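Peer 1: Input: one structure, supplied below.
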């Protein structure tokens with residue numbers, strides 16, 4: 006609990022305008038986009054600098070006040086829900102593009118800048134920051150969760166694009182980790198410790214990013230298959246053939262039917278793979294296309310070489326699945342499964358998830374970043390129907406356990422947050438203890454985003 | 006100092022055959038390929054399993070005995086020299102390929118397997134492990150130093166290919182970190198903590214690697230430039246144009262002259278870039294070639310589309326530079342500078358290094374993984390000529406300091422070892438303290454490869 010004196014001291018740091026204890030702000034910062042129950046902070050603060058955050062953390066650390074950084078609020082596992090109350094640091098005012106060095110293919114941003122606006126501003130340099138998790142996420146939030154998204158197959162995760170991080174440690178020190186050199190073997194790779202740490206080890210305030218040249222050529226394709234298994238098996242074959250698409254997405258029949266209806270598409274309503282290739286020249290993409298045709302020879306239909314407009318419509322539909330489901334079933338709630346497995350196990354996890362829905366008597370939609378072995382299942386339930394929600398949670402747990410048995414992971418990209426904590430022991434065994442020790446080392450009083458990951 | 010009782014207990018763990026205190030073994034394990042003075046261990050042990058290593062580390066930890074893992078012995082910064090004596094763990098008997106899962110593009114190896122033998126055995130699957138540091142390094146050694154080498158530009162560093170690590174912690178616990186899933190957001194990325202930690206945080210015993218499909222097509226090119234600056238400037242232009250060669254190597258005029266003479270090549274004796282493109286189809290490579298021709302329009306000569314044989318000779322010559330220099334100057338010693346800078350600073354660091362050699366009155370050869378901003382300078386001196394060696398060390402330090410001023414790194418790929426410790430404060434500032442704390446957390450008695458990095 007914050008005392009009146011604590012609030013006064015916080016006000017002295019940021020001024021009265023950038024601190025709120027108002028009901029509506031507390032409410033807005035009590036929930037993300039997940040099914041996890043909301044929990045209000047006691048105060049929301051909008052810092053403008055690492056120095057302000059340092060002063061706030063020093064106070065919080067000395068007083069044992071929980072601090073939860075707040076980025077886009079689009080998490081799907083309760084990652085930013087302040088379950089112990091305390092302070093929420095909303096990073097949205099720290100949204101400057103600090104510099105672009107086009108010759109180095111680098112940019113430095115404050116943590117609160119979102120990737121859509123960043124990419125808009127990078128266009129004139131012919132550069133872009135590839136990770137795209139779908140929702141309008143901030144770079145800081147993406148780093149804290151090592152966001153992946155549809156283009157990770159070719160370009161890598163958010164973490165793979167991080168060169169330097171400015172981090173305010175829980176005890177208030179401001180450190181800079183990493184290097185502007187693209188490769189370094191200089192001591193421990195501290196930036197990777199903060200990447201994906203979900204705000205539990207400090208507050209990320211600025212990031213130097215490695216950028217990519219905007220590809221000149223795009224080639225999109227849709228492959229429709231007669232059976233779920235065939236689509237899932239084609240994934241390992243496509244990757245095994247040496248293809249590196251920018252995106253390789255899977256959707257089950259129900260998902261395709263849904264997006265046809267709500268997004269004005271006319272895809273064959275069967276298990277489907279979306280592929281996109283990006284390159285500097287047309288010839289390279291034609292090579293890829295040829296290889297893809299060979300691998301997908303048994304597909305029900307293969308439509309390749311889609312025009313820009315059709316491609317954009319497909320990607321928009323893919324991005325909007327989560328929203329489309331909510332539009333199709335007004336008032337519905339959902340749990341989004343987020344597992345990843347080795348490629349050879351992809352058919353098995355897809356079949357298993359389908360069966361798990363059936364066995365638990367649930368409606369759900371399957372899709373995912375198949376090229377990296379990632380599978381999402383949006384499992385629906387009616388809010389307030391406790392028994393149905395329990396079944397949805399049981400199906401989620403069953404799919405996660407199966408993924409772990411297949412030597413996969415409990416979370417491919419959404420992070421641990423609240424929802425995946427109970428699988429950590431099974432996934433990590435003894436090394437979970439090492440994670441705990443690192444948490445205790447950096448955050449001895451446990452003030453940073455408490456109750457998450459562990 | 007090990008007591009007789011310590012040696013008896015070590016013998017009881019591994020048996021008398023896999024432990025030696027013989028002069029010749031101690032001597033063999035006293036030096037790497039660097040200029041740093043040798044230092045003998047007290048005993049060399051050849052473990053066969055993580056369990057044996059665990060028992061050894063428990064003993065060493067309780068008795069405060071230094072332990073230094075030994076891989077290929079090819080380090081260039083004194084990384085494995087046991088400067089505090091104690092135990093050297095030579096990993097060469099742990100060299101099994103544990104499994105290959107071709108459908109997952111994965112293999113698991115023991116740490117002592119070298120990458121050349123691994124790649125030989127992967128050939129039949131049409132797969133390979135891309136990192137190639139030149140010397141015949143073991144996978145464990147490559148992970149411990151996050152080795153890069155000539156192909157890192159397209160394929161990434163060794164660490165980018167690591168999915169799982171089995172590590173024996175300094176206190177004897179055997180932990181497994183990472184996941185067989187290609188992407189995971191499940192807790193802290195512990196594997197990145199051990200990657201590049203140079204044996205200071207534990208002993209890496211087994212590694213699950215992500216592999217790549219063997220490229221079907223290769224295209225090599227040599228671009229010769231009239232001036233050093235032009236060659237260096239072309240690097241940023243090539244990368245900026247969106248080209249992602251497998252390799253983009255730089256050599257100065259002296260280096261080209263040397264390899265012409267000793268490797269039977271007939272390259273124009275001027276500043277030179279070697280490029281290699283790899284892809285699944287010919288058409289893609291022709292696109293790359295076209296783009297390269299445009300960027301290198303001002304080159305003195307551009308020879309592209311080299312045949313397999315000529316390409317292999319070029320790469321062999323590139324790999325052998327270090328050996329060739331020793332052949333050219335029998336009995337010579339050398340310090341190998343290993344900096345990396347942002348691409349736009351590449352011309353500046355190349356010019357600076359050239360000037361530094363001249364100002365210090367030294368002979369040296371410039372080359373490096375230019376596409377990643379990496380520059381090596383092999384600075385020669387006559388062993389025993391103290392004053393000349395001091396000048397060589399001063400020139401090395403000057404080039405490193407300049408790289409750090411240009412926001413680069415003191416070591417692009419050789420690691421900190423002994424040689425780069427004195428630059429860590431300047432490069433990392435406050436975050437060096439965080440590295441120290443992590444070292445103390447994992448290795449409270451400081452037994453693992455003591456005296457390195459810090």
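Residue numbers (my numbering), protein chains in the order written: chain U, 6 to 459; chain W, 6 to 459. Beta carbons are placed, not taken as given, at the ideal position from N, Cα and C, and that holds for glycine. Nothing here was measured: the structure is a model prediction, and the numbers come from that model.
#1: Taking 8 Å as the threshold (beta carbon to beta carbon), is residue 253(U) in contact with chain W?
#2: What number of angstroms, rounded off, separates the C-alpha of residue 194(W) from the C-alpha of residue 167(U)?
#3: Looking at chain W, is there any beta carbon in it that lies within less than 8 Å of the beta carbon of residue 283(U)?
#4: Which bits of chain W does residue 416(U) rub up against, with CB to CB less than 8 Å?
#5: List the endpoints of the continuous beta strand (DSSP E) containing residue 170(W).
#6: Using a Cβ cut-off of 7 Å, which residues of the stretch 200-216 of chain U contact any Cβ in chain W, in chain order?
#7: Buried or exposed for residue 103(U), going by 16 or more other Cβ atoms inside 10 Å?
#8: Alpha carbon to alpha carbon, what distance is there between residue 424(U) and residue 414(U)?
#9: Can you list the beta strand (DSSP E) stretches of 3 or more residues lying completely in the stretch 371-429 of chain W, in chain order?
#10: Considering only C-alpha positions, which residue in the set 263(W), 62(W), 298(W), 419(W) is nearest to residue 369(W)?
#11: What is the DSSP secondary structure of residue 281(W), counted as helix, strand or coil?
#12: What separation, rounded to the nearest whole angstrom, lies between the Cα atoms of residue 371(W) and residue 350(W)?
#13: Anything in chain U within Cβ reach of residue 106(W), meaning under 8 Å, just list it in chain order.
#14: Residue 254(W) and residue 433(W): beta carbons closer than 8 Å?
#15: Closest to residue 214(W) by CA distance: which of 134(W), 15(W), 73(W) is it?
#16: On the CB-based measure, 16 or more other CB atoms within 10 Å of its CB, does residue 321(U) come out buried or exposed?
#17: Could you tell me whether the Cβ of residue 457(U) comes closer than 8 Å to any Cβ of chain W?
#18: At the level of alpha carbons, what is the spacing between residue 352(W) and residue 69(W)?
#19: Identify whether residue 320(W) lies in helix, strand or coil by the three-state DSSP scheme.
#20: Out of 224(U), 457(U), 108(U), 439(U), which has the shortest C-alpha to C-alpha gap to residue 284(U)?
#21: Go ahead and label residue 295(W) buried or exposed: buried means 16 or more other beta carbons lie within 10 angstroms of its beta carbon, across all protein chains shown.
#22: Look at residue 204(U) and residue 454(U) and say whether their C-beta atoms are less than 8 Å apart.
#23: Less than 6 Å between C-beta atoms, sequence neighbours within five positions excluded: which residues of the same chain meet that for residue 388(W)?
#24: Would the beta-carbon of residue 79(U) fall within 8 Å of that of residue 37(U)?
#25: Any idea if residue 156(U) is buried or exposed, counting beta-carbon neighbours within 10 angstroms, 16 or more meaning buried?
#26: Quick check: the stretch 275-294 of chain U against the stretch 235-254 of chain U, are there 3 or more CB pairs under 8 Å?
#27: Classify residue 364(W) as helix, strand or coil using the three-state DSSP reduction.
#28: Is the beta carbon of residue 65(W) sitting closer than 8 Å to the one on residue 92(W)?
#29: By the three-class DSSP mapping on this structure, what secondary structure does residue 306(U) have?
#30: Residue 394(U) versus chain W: which residues are under 9 Å apart at the beta carbon?
#31: Which of the three DSSP states is assigned to residue 33(U) in this structure?
#32: To the nearest angstrom, how far is the alpha carbon of residue 440(U) from that of residue 192(W)?
#33: How long is the line joining the alpha carbons of residue 260(W) and residue 249(W), rounded to whole angstroms?
#34: Determine, using beta-carbon pairs with one atom in the stretch 118-137 of chain U and one in the stretch 82-92 of chain U, whether at least three such pairs fall under 8 Å.
#35: Going straight from the alpha carbon of residue 71(U) to that of residue 170(U), what length do you get?
#36: Assuming contact is defined by CB atoms lying nearer than 8 Å, are residue 291(W) and residue 221(U) in contact in what I supplied?
Peer 2: Quick answer:
#1: Taking the first chain and counting its residues from 1, the one referred to as residue 253(U) is at position 248. It does not: the Cβ of residue 253(U) has no partner Cβ on chain W nearer than 8 Å.
#2: Within the second chain, the letter at position 189 stands for residue 194(W). Within the first chain, the letter at position 162 stands for residue 167(U). Cα-Cα distance, rounded: 14 Å.
#3: Translated into the one-based positions of the first chain, residue 283(U) becomes position 278. No, residue 283(U) does not count as interfacial toward chain W.
#4: Against the first chain, residue 416(U) aligns to sequence position 411. In chain order: 189, 190, 191.
#5: Start at 1 with the first residue of the second chain, and residue 170(W) comes out as number 165. Residues 167-173.
#6: 200, 201, 202
#7: Your numbering for residue 103(U) matches position 98 in the first chain. By the neighbour-count rule (16 or more Cβ atoms within 10 Å), residue 103(U) is not buried but exposed.
#8: Taking the first chain and counting its residues from 1, one reaches residue 414(U) at position 409. Taking the first chain and counting its residues from 1, one reaches residue 424(U) at position 419. For residue 414(U) and residue 424(U), the distance between alpha carbons rounds to 14 Å.
#9: As far as the stretch 371-429 of chain W is concerned, its whole beta strand (DSSP E) runs of at least 3 residues are 379-386.
#10: As a position in the second chain, residue 369(W) is number 364, starting the count at 1. When only C-alpha atoms are compared, the closest one is 263(W).
#11: Residue numbering aside, residue 281(W) sits at position 276 when the second chain is read from its first letter. If DSSP states are grouped into helix, strand and coil, residue 281(W) belongs with the strands.
#12: Along the second chain, one-based indexing puts residue 371(W) at 366. Along the second chain, one-based indexing puts residue 350(W) at 345. Cα-Cα distance, rounded: 16 Å.
#13: Within the second chain, numbered from 1, the residue matching residue 106(W) stands at position 101. What residue 106(W) touches in chain U: 347, 349.
#14: Translated into positions along the second chain, residue 254(W) becomes position 249. Translated into positions along the second chain, residue 433(W) becomes position 428. Contact: no.
#15: Counting from 1 along the second chain, the entry for residue 214(W) is found at position 209. Residue 134(W) is the option with its Cα nearest to residue 214(W).
#16: Taking the first residue of the first chain as position 1, residue 321(U) is located at position 316. Classification of residue 321(U): exposed, given that the 10 Å Cβ count is below 16.
#17: By 1-based counting over the first chain, the position of residue 457(U) is 452. Judged by the 8 Å Cβ criterion, residue 457(U) is not in contact with chain W.
#18: The residue you call residue 352(W) lines up with position 347 of the second chain. The residue you call residue 69(W) lines up with position 64 of the second chain. Their Cα atoms are separated by approximately 48 Å.
#19: Position 315 of the second chain, counted from the first residue, corresponds to residue 320(W). DSSP places residue 320(W) in helix when its eight states are reduced to three.
#20: Position 279 of the first chain holds residue 284(U). Out of 224(U), 457(U), 108(U), 439(U), 224(U) has the C-alpha closest to the C-alpha of residue 284(U).
#21: As a position in the second chain, residue 295(W) is number 290, starting the count at 1. Flag for residue 295(W) reads exposed.
#22: The sequence position of residue 204(U) within the first chain is 199, counting from 1. The sequence position of residue 454(U) within the first chain is 449, counting from 1. Against a cut-off of 8 Å, the Cβ pair of residue 454(U) and residue 204(U) comes out as a contact.
#23: Here residue 388(W) is taken as the residue at index 383 of the second chain, counted from 1. Counting only Cβ-Cβ distances below 6 Å, and skipping sequence neighbours, we find 338.
#24: Along the first chain, read from residue 1 onward, the residue named residue 79(U) stands at position 74. Along the first chain, read from residue 1 onward, the residue named residue 37(U) stands at position 32. Contact: yes.
#25: Taking the first chain and counting its residues from 1, one reaches residue 156(U) at position 151. Buried, because 16 or more other Cβ atoms sit within 10 Å of the Cβ of residue 156(U).
#26: yes
#27: For this step, residue 364(W) is matched to residue 359 along the second chain. Correct three-state label for residue 364(W): helix.
#28: Counted from its first residue, the second chain places residue 65(W) at position 60. Counted from its first residue, the second chain places residue 92(W) at position 87. Their beta carbons are under 8 Å apart, which means residue 65(W) touches residue 92(W) by this criterion.
#29: Within the first chain, numbered from 1, the residue matching residue 306(U) stands at position 301. Strand.
#30: Here residue 394(U) refers to the residue found at position 389 when the first chain is read from its first residue. The premise fails here: residue 394(U) is roughly 24 Å from chain W at the closest Cβ pair, so nothing lies under 9 Å.
#31: Here residue 33(U) refers to the residue found at position 28 when the first chain is read from its first residue. The answer is helix: DSSP assigns residue 33(U) an H, G or I state.
#32: In the first chain, residue 440(U) corresponds to position 435, counting from 1. In the second chain, residue 192(W) corresponds to position 187, counting from 1. Taking the straight line from one Cα to the other gives about 8 Å.
#33: The residue labelled residue 260(W) in the question sits at position 255 within the second chain. The residue labelled residue 249(W) in the question sits at position 244 within the second chain. So the alpha carbons of these two residues sit roughly 24 Å apart.
#34: no
#35: Position 66 of the first chain holds residue 71(U). Position 165 of the first chain holds residue 170(U). So the alpha carbons of these two residues sit roughly 23 Å apart.
#36: In the second chain, counting from the first residue as 1, residue 291(W) sits at position 286. In the first chain, counting from the first residue as 1, residue 221(U) sits at position 216. Between residue 291(W) and residue 221(U), the C-beta gap is not smaller than 8 Å, which leaves the two residues out of contact.
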